[in-house]
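Chains as they are written, first to last, in our numbering: chain U, 1 to 391; chain V, 392 to 782; chain F, 783 to 1173; chain D, 1174 to 1564.
Yeah, the Cβ is synthetic: ideal placement off N, Cα and C, and Gly gets one too.
Remember, it's a predicted structure, so these values are computed and weren't measured experimentally.
Following: one structure in structure tokens, then a few remarks.
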């Protein structure tokens, strides 16, 4: 059980690019990174495209004014000149900038933590993967829902054969906050439906990548063979970007799957869930009640496993923060993945290959797989919602 | 609110074909028909393929031994000779016999209530529809979940525009009772996976037609333009019949939809649900809690409507039997549809065209539409899970 | 599993006193008694204090007009003269008439099924118990929620020690339908707050006796040693009758308990629940989802048992009607207890002492215990909400 | 909406007494205080009764070794000599030490944040209240569940009359983690059942004070007139301290209430809830799903309000951290109350009387009221579970 004691020798010097006052995700990054005070120190930032607003904001976060920069370029350049310059940078800017900032940061010798979807293309992702490998640097991707301890429990139970052979995978991430066109007017939202900034998709990239990564986390051996994606723009001005998408999948082992991603599921307040159906039992988890895992064995009473309980696997308990009965939420998940990024970065700095080889966290490959997922979905959708081999 | 008072001038003389001691559905038919004592009298039957067992069973139900027949042919022949012969017959036999028995019963001048799926082909259904029209007889189909009062509420609210324009229809009927091959050994189950008796599908016909009819009941104006069905036989011995199917739909108005039907959703105990997403709000109902209807307006608190409450539409309250707070279940739904069959039959007998023109119940057209749904799904699936125009 | 086959040699000739068109419970009685067509035939009635309305109603139920009587006295007198006169009568009239009608019916040689609360005093109940014994007649009490199969499961599990030693019993039956004084104006409600007709209590008698009986059903060995009742009349015109009551209990074995009964729990739609806490585990059941039983073992995943599943005890499965996945409601519970009344009455008629000795159903003792419960609660409340020894 | 920007001019220099490696609550304090990096800096501590273990722990939290003290006395003495000495100290030690440490800290000129139950007696609480007032220092009490935003919503709705006149208050905080005596062997638990260290109660002080404070927070105008408490020690070795308690309350306005506090509610995983029943509607909240508030208007569809939604009151949205759809948990609640402590302390330092007069947080009065609640409950229980006037 985590209690705030250091997991790495000393806190990392950390900066944010983006994530300013109007950002929807900036606070989640800071909550995650700073949760334990022993993993990161926020020492610099280029928080906002409006430089003055960003500087005022950074100062309000306790960052020295002189390390609140006007641009990421300035940040990278000037921090490189400091003895105590930043070691790792978080990129929480709109999608269209992820690639160039990541490349620049890696070239500046910094570890990178980047928002999803990582980039626009798998070609970009492969290039960055090679660059990071060459530089010996970590690239983490903030699949912020993937740090819930019960997902580790799900992974272990599936690996143990507790549900038998996997037959069906049911994925969903839907909400209704964009049911009306007026939602697109808000600064934090409008770029998400602009292909130049958002990339080739809206909801596929913005939300389904979270659930897709969770599916990979809990079933690492399941590979998609082919898929079919049908996407819609119920608000026509969003076209060609979709605000609703339905995907069918065929896995290599004969299992099948579905994904529903939507920003127009009016009134839905429970967002994201995963159900994995096996030949003996099913496991189901939802981020609306992340401390519960349903384990449904055919022909037996349904079970509800609760976070923090001694009957869970050690890997789930290792990520526990509050303990049984004490409701955990999204912030604990973010804190867990940020802590893993720090462990990976520190291991990288210290040449600790053993840790790097075994640590499970959303790394550059997870980011690449998310982009690949989007790419295949868009290819299918643009081909008339037909089956495509997963490339 | 229904309280058992007669809805028709006198009870109908009713017989069952099938539905004997080992039947899974026979009791539901009797519970539905006899609930109020004023709609039907069970006076004859050919309850079982094992004639002796069927006779003993019928006698145990209170049917005179001489009217417990060895076969449906005998029943039709001998009842025709009685002054007090049966007027309406329920067919609760395996799928493969529905067509011939229905045709014979209609030709014998009897009204028919038949299990779903009605027949194997739309050609058969159209032929029977014409025959029933020619004879002036009613054919009802036991979509037994469709009599829940809150479905009428859902229909009215959608018609009123309470959810705006329909965008997405999410349908599901899944369970896990056939997750293991051993389930196929039971007499009440084994025919369901034999194409000669079950017809061209297993779960599509056996369960998805229920939910499909509910979707038509609550959204009578929504027409499917095209669909795609992907079906699997996770227990190989069931092939070509599917134990799992996933369907995507395009409606003529631009809405999209999904159906998941499965008998291998291990451990699932909540079976059937429908969610209709509109531009303003969504409505969601599940047969696991049929007395609740979720009404989720985007940007407003979610609402839960309860059966029997005065704020409901008159059409929902008209079908109420137990009253608010008193939990209703599947038996009330069956009683409601059986009562409507009786009202239709009585109206037919009395030439009451007004009633026949306005009564909403699962009639021959509903049965035909179910067969059409299966036919299109199977055509798509057998064509490699490709899009097909809805024919 | 029940499927409508006869449980007794022939249906009983049955009449109703009360339960007419405006009655809230009349339909539940008829649904329960007539469910299977093999237990009862409704052949006579004195349905309404308005004799003409009652006769019209009875005819609409299919009762011959000449057996729709103006009063219970007339019914008892004239049916006694018939060869095919009634054998058992249901009393569904306001509380204040239960005693005199029961006594008259027993003296007329009829078995009795009576609404709760049975009578006003335990003295009356003891007198009637003696009279019934003398006459060799059955008196059943319609604790209509007590026929849910999972209550038998709960009884067996507690008896088996599955929850360890009982420590705490949490009982609740609350709703909000009388939150406003205007509710008292309805004919079916206004007598309930008139002490002359309702007796010494409103919610204690009207609703808490249901849950109290369930507690006795599932824990037959638990005896109350003392209790304390605090009751309120939030609508002052109801005084001295309470619309809210809170009871604390001490059991003889050292366990403690609580009851909350209320008709002013505004907005509550889930009514009735029981939780029994043992030293190892708890069992919880609610009539809002009567097909689920929560089994919570300390330190283990919580379990949900579902009705109709093979892992249940035979005593629970014996009362199953619809089967797993098919939602059961209050009507099945009523049908189950009415069937048990019929079995008891038939056993009594045939001198089958073995059946009478082992059948578990709400009999005269259960009725007496309900009256005793109210009597003790009212005594405590009227003594200033102090502890009283259970007498 | 909170996003980590500073709410006070500069972070406070903060120390912890207790809350070391084996503590159940230490991490919650640190998570709460350090969440935003702009309210507190953890600069010193006397974390553990085992000084060496405490020092190692403190260093692991990033505290300089020389400011990890052997005892609270040493901490107070040595920090007083530093220019940059601590300004505020959290007391997370067993109950029996709260009074002396609080007094010493106040006398050393430090603000205090203390665990509940604050002290053993109201006399102590009144003395400390006077001392804090004399010194001009803040005493905050960590009712850690009271910072959930929807509790502010509940407070506003009740004040607005949205539920009408309050009639019934239903409070519960139960779990089963002490169902077995073996639980008492753990170091973090065993002192809780030792009257010398825990004080006059176990579950009343340990858990019911949380829910009691929440009731005062949402209904500040409701005053208890009298109460009755019945307490049990189901594990006899815990006597005279109770592991289960049931309380009845009479409020001055005629409303009534109940509390159930238990550590032996075997298998219960949902812990704490409050339901306030008014003449028109009820409001219900549970810490198991703290982002939902049920609003049940009699005669209308039940409503579920969700955290972070624009329809909420500004006071609820002001405490929002993650936004709608993003599940909040206990950590956000702690962060909110720690932030309020910081705002109060800073206001106190700056002489900002306006802020101090209007800020709603668990202050010394809230702590005193908690002790008063326990005192009255214990007095009633020890008097044979009789009614006592609330003193």
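Find the nearest neighbour of residue i within the set the options, judged by alpha-carbon distance.
| i | options | result |
| --- | --- | --- |
| residue 1443 of chain D | D:1475, D:1459 and D:1520 | D:1459 |
| residue 943 of chain F | F:1060, F:923 and F:886 | F:1060 |
| residue 1426 of chain D | D:1399, D:1494 and D:1540 | D:1399 |
| residue 328 of chain U | U:352, U:304 and U:288 | U:288 |
| residue 788 of chain F | F:887, F:959, F:1121 and F:1092 | F:1121 |
| residue 955 of chain F | F:939, F:996, F:1138 and F:862 | F:996 |
| residue 526 of chain V | V:508, V:532 and V:499 | V:499 |
| residue 820 of chain F | V:415, V:448 and V:700 | V:448 |
| residue 1498 of chain D | D:1525, D:1464, D:1396 and D:1522 | D:1464 |
| residue 881 of chain F | F:854, F:962 and F:1019 | F:854 |
| residue 1389 of chain D | D:1185, D:1311 and D:1538 | D:1538 |
| residue 1367 of chain D | D:1449, D:1410 and D:1441 | D:1410 |
| residue 1129 of chain F | F:859, F:947 and F:794 | F:794 |
Taking 9 Å as the threshold (C-beta atoms), are residue j and residue i in contact?
| i | j | result |
| --- | --- | --- |
| residue 692 of chain V | residue 1563 of chain D | no |
| residue 1375 of chain D | residue 1414 of chain D | yes |
| residue 305 of chain U | residue 293 of chain U | yes |
| residue 1453 of chain D | residue 1476 of chain D | no |
| residue 1286 of chain D | residue 1514 of chain D | yes |
| residue 722 of chain V | residue 1114 of chain F | yes |
| residue 1435 of chain D | residue 1412 of chain D | no |
| residue 814 of chain F | residue 991 of chain F | no |
| residue 1420 of chain D | residue 1402 of chain D | yes |
Which chain V residues are close to residue i, counting only those with a beta carbon under 9 Å from its beta carbon?
| i | result |
| --- | --- |
| residue 1474 of chain D | 684, 686, 694, 695, 696, 697, 700 and 702 |
Whose Cβ in chain U lies nearer than 8 Å to the Cβ of residue i?
| i | result |
| --- | --- |
| residue 1215 of chain D | 37 |
| residue 559 of chain V | 244, 262, 264 and 265 |
Run down chain D in chain order and give the residues with a C-beta less than 9 Å from the C-beta of residue i.
| i | result |
| --- | --- |
| residue 1019 of chain F | Neighbours of residue 1019 of chain F on chain D: none; closest Cβ ~14 Å, over 9 Å. |
Among all the DSSP beta bridges, which residues are the ones paired with residue i?
| i | result |
| --- | --- |
| residue 282 of chain U | U:277 and U:296 |
| residue 229 of chain U | U:247 |
| residue 1509 of chain D | Its beta-bridge partners do not exist; DSSP assigns none. |
| residue 794 of chain F | F:822 |
| residue 1287 of chain D | D:1264 and D:1314 |
| residue 883 of chain F | According to DSSP, residue 883 of chain F bridges with nothing at all. |
| residue 651 of chain V | V:563 and V:637 |
| residue 1088 of chain F | F:1074 |
Should residue i be counted as a contact of the ligand HEM given a C-beta to heavy atom distance under 8 Å?
| i | result |
| --- | --- |
| residue 914 of chain F | Although the ligand HEM was asked about, the structure shown includes no ligands whatsoever. |
Closer than 8 Å by beta-carbon distance: list the chain V residues that pair up with residue i, in chain order.
| i | result |
| --- | --- |
| residue 809 of chain F | 393, 394, 395, 712 and 713 |
| residue 1121 of chain F | Result: empty, since nearest Cβ-Cβ is about 13 Å, beyond 8 Å. |
| residue 393 of chain U | In this structure chain U extends from 1 to 391, so residue 393 of chain U is not present and cannot be described. |
So which residues of chain F does residue i contact, with C-beta pairs closer than 9 Å?
| i | result |
| --- | --- |
| residue 720 of chain V | 1072, 1073, 1104, 1108, 1109, 1110, 1111, 1112, 1113 and 1114 |
Could you tell me which chain F residues have their CB closer than 7 Å to the CB of residue i, listed as they occur along the chain?
| i | result |
| --- | --- |
| residue 1405 of chain D | 1038 |
Check: If you measure beta-carbon to beta-carbon, which residues of the region 255 to 277 of chain U are closer than 8 Å to chain C?
Finding: Although the question refers to chain C, the structure presented lacks it and instead comprises the protein chains U, V, F and D.
Next item on the list: Decide yes or no for the touch test of the region 1144 to 1160 of chain F against the region 1485 to 1499 of chain D: beta carbon pairs closer than 8 Å, at least 3 of them.
Entry: By the Cβ criterion, the region 1144 to 1160 of chain F is not in contact with the region 1485 to 1499 of chain D, since fewer than three pairs of Cβ atoms, one from each stretch, lie closer than 8 Å.
Checklist line | Three or more C-beta pairs below 8 Å linking the region 1520 to 1533 of chain D and the region 1208 to 1227 of chain D | finding: The count of Cβ pairs closer than 8 Å, one atom from the region 1520 to 1533 of chain D and one from the region 1208 to 1227 of chain D, stays below three, leaving the stretches out of contact.
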